[in-house]
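In this text, residue positions in the sequence shown follow my numbering: the first is 53, and each later residue adds one.
Every residue, glycine too, gets a C-beta built ideally from N, C-alpha and C.
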Amino acid sequence: MRFSQFSEGAMDDTIRIMQKTFSPERRAVQDKVLEVVRMVQMGKGDKMELARAITELAKSELEVKRSDPDLKISVDQNLGMLDRAMKAVTGMSEGITEDEIEEYKSLASLRNRSSLDAMARLQDRNKPKTPKVIEIPKGTQLDLFKKAAGESVEESLTEEQFDEKAGEKDACYRKVKSRYKVWPSAYASGALVQCRKVGAANWGNKSKKKK
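Structure follows, in C-alpha cells:
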C-alpha cells in the first residue's frame, strides 16, 4: 500500500471516529454522566437512586463499547468517572473533588484537540507538493544565460564566421590565434578584444618586477 493510500484511509478513520465521538448522542451521554457525578459530589439525591442511575449508565456504556470499538476511548473515560462516582456513593472512597470533574471535562477537550491535530497532519501530508519557484530579476536571468550559453555559442561558430566577427586579420589577430589551441573560442574572442585595447606589442607581456 502506498503512503498516499494509507494516509487517505487513516484520515477517513479519524474523521469517522471524531464524528461518532462528538455526535449529539455522545455529548448527551457525557452530560448525563456529569449530572450524576455532580449530584454525588454535592451529596444530593437518594444514594440508592444515584447508585441505580450510575449502574444503568455503566451498563449502557459497556454495551456501546462492545457494539462499536470506535467509541472505546470515549466510553472508557465515562466508565472511569462512573466508577469513581459509585465508590463515592457507597463510601468506598472519599467524595468527588472539583478537580476530578474538571479533569474529566478537560480530557474530553484534549481528545477533541488531539483528533483534530491528527486529522490536520494527515490532510497536510496528503496535499500535493507544490514546487518552490524562485523569482530571478530579468537582468540577472539574461546574465546567467549569457554566462551558461555564451561560451558554447561562441565555440559553435565556424572559423569563417569567427573571422567575420573579429574584423581585419591584424597583428592582434595573428598573435592571439597563435596563442590559443582552441580556435575559434570564447576565450580567444575575449583575448582579441583585450589585445586591441592595449596593442599587440603590449598584450601578453608580463610586467617585470622592479628590484
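If you measure between the beta carbons of Val-81 and Ala-137, is that distance less than 7 Å? Cβ distance not < 7 Å, so Val-81 and Ala-137 don't count as in contact.
Find out if the Cβ-Cβ distance for the pair Val-116, Leu-109 is shorter than 7 Å. Taking 7 Å as the Cβ cut-off, Val-116 and Leu-109 do not qualify as a contacting pair.
Between Leu-86 and Val-141, is the Cβ-Cβ spacing less than 7 Å? Not closer than 7 Å, so no.
Whole-angstrom Cβ separation of Val-92 and Ile-148, contact assumed at under 8 Å? Between the beta-carbon of Val-92 and that of Ile-148 there is about 6 Å, and that keeps the pair under the 8 Å contact cut.
Could you name the residues of the same chain whose beta carbon sits closer than 7 Å to that of Val-245, not counting the 5 residues immediately before and after it, in chain order? Nothing listed; no residue qualifies.
Could you tell me if Ala-105 is buried or exposed, where buried requires 16 or more neighbouring beta carbons within 10 angstroms of its beta carbon? Burial check for Ala-105: the Cβ neighbour count within 10 Å reaches 16 or more, so the residue is buried.
Have a look at Ser-56 and Asp-64 and give me their C-alpha separation to the nearest angstrom. Any reading at Ser-56 must be qualified, since the residue scores a pLDDT of 47, below 50, and its modelled position is unreliable; no value is offered.
Span of the alpha helix (DSSP H) around Val-234: Unbroken run through Val-234: none, as it is neither H nor E.
Which residues in the same chain have their Cβ closer than 8 Å to the Cβ of Arg-78, if we skip the five residues on either side of it in sequence? Contacts found: Lys-72, Leu-123 and Ser-126.
Have a look at Asp-83 and Lys-96 and give me their C-alpha separation to the nearest angstrom. Roughly 17 Å between the two C-alpha positions.
Is it buried or exposed for Met-133, if we count other Cβ within 10 angstroms and need 16 for buried? Buried.
Buried versus exposed, by CB contacts within 10 Å (16 or more), Glu-146: Under this definition Glu-146 is an exposed residue.
Taking DSSP as the reference, what is the three-state secondary structure of Thr-142? Coil at Thr-142, not helix or strand.
How is Asn-130 classed by DSSP in three states: helix, strand or coil? Three-state result, Asn-130: helix.
Check whether the Cβ atoms of Val-228 and Ala-238 lie closer than 7 Å to each other. Cβ distance not < 7 Å, so Val-228 and Ala-238 don't count as in contact.
Beta-carbon proximity list for Glu-113, same chain, < 8 Å, skipping 5 on both sides: Non-local C-beta neighbours of Glu-113 in its own chain, meaning closer than 8 Å and more than five positions away in sequence, comprise Val-81, Val-127, Asn-130, Leu-131 and Leu-134, ordered along the chain.
Residues in the same chain with beta-carbon distance under 6 Å from Asp-222, minus the five sequence neighbours each way, listed in chain order, please. Taken in chain order, the list of residues that qualify is empty.
Of all the alpha helix (DSSP H) runs that stay within the bounds of the stretch 62-109, which reach a length of 4 or more residues? Segments of the alpha helix (DSSP H) lying fully in the stretch 62-109: 76-94.
Please list, in chain order, all residues of the same chain as Asp-120 whose beta carbon is under 8 Å from its beta carbon, the five residues on each side excluded. Short of 8 Å from the beta carbon of Asp-120, and not among the five residues preceding or following it, lie these beta carbons of its own chain, in chain order: Lys-72.
Counting only the same chain and skipping the five closest in sequence on each side, list residues whose C-beta sits under 7 Å from that of Asp-98. Taken in chain order, the list of residues that qualify is empty.
Since I believe Gly-256 is in contact with Arg-231 (beta carbons under 8 Å), could you give me their beta-carbon distance rounded to a whole number of angstroms? The Cβ separation is near 7 Å, so the contact holds.
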